[in-house]
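Engineer:
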Amino acid sequence: MIPQDPVMLLSFVNLKLRDLYKSLDDLCDDLDVEKSEILQKLSGIQYRYDEERNQFV
Numbered sequence: 017m018i019p020q021d022p023v024m025l026l027s028f029v030n031l032k033l034r035d036l037y038k039s040l041d042d043l044c045d046d047l048d049v050e051k052s053e054i055l056q057k058l059s060g061i062q063y064r065y066d067e068e069r070n071q072f073v
């Protein structure tokens, strides 16, 4: 289960990416969530995934 609030989701995902996962794909596979769902929710608050930094910026 991932947070539904976009700001909480941003914090949750960036924390997990920093501490546990090498990529957004790894996180999504492990947590069994759709990558498109995360991308859509976070683009709604003007964040995009930066692969080089492995975080949403």
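Just so we're aligned, residue 17 is where the sequence shown starts under my numbering, counting upward by one. Quick reminder that beta carbons are idealized off the backbone N, C-alpha and C, glycines included.
#1: Apart from the five residues on each side of it in sequence, which residues of its chain come closer than 7 Å, Cβ to Cβ, to Pro19?
#2: Any idea what DSSP makes of Asp41, helix, strand or coil?
#3: Please say whether Lys51 and Asp41 have beta carbons closer to each other than 8 Å?
#4: What's the gap between the Cα of Leu58 and the Cα of Tyr65?
#5: Is it the case that the CB of Lys51 approaches a heavy atom of the ligand FAD more closely than 7 Å?
Structural biologist: Inspection of the coordinates gives the following:
#1: Leu25 and Phe28
#2: helix
#3: yes
#4: 9 Å
#5: The model on display carries no ligand, and the ligand FAD is accordingly not part of it.
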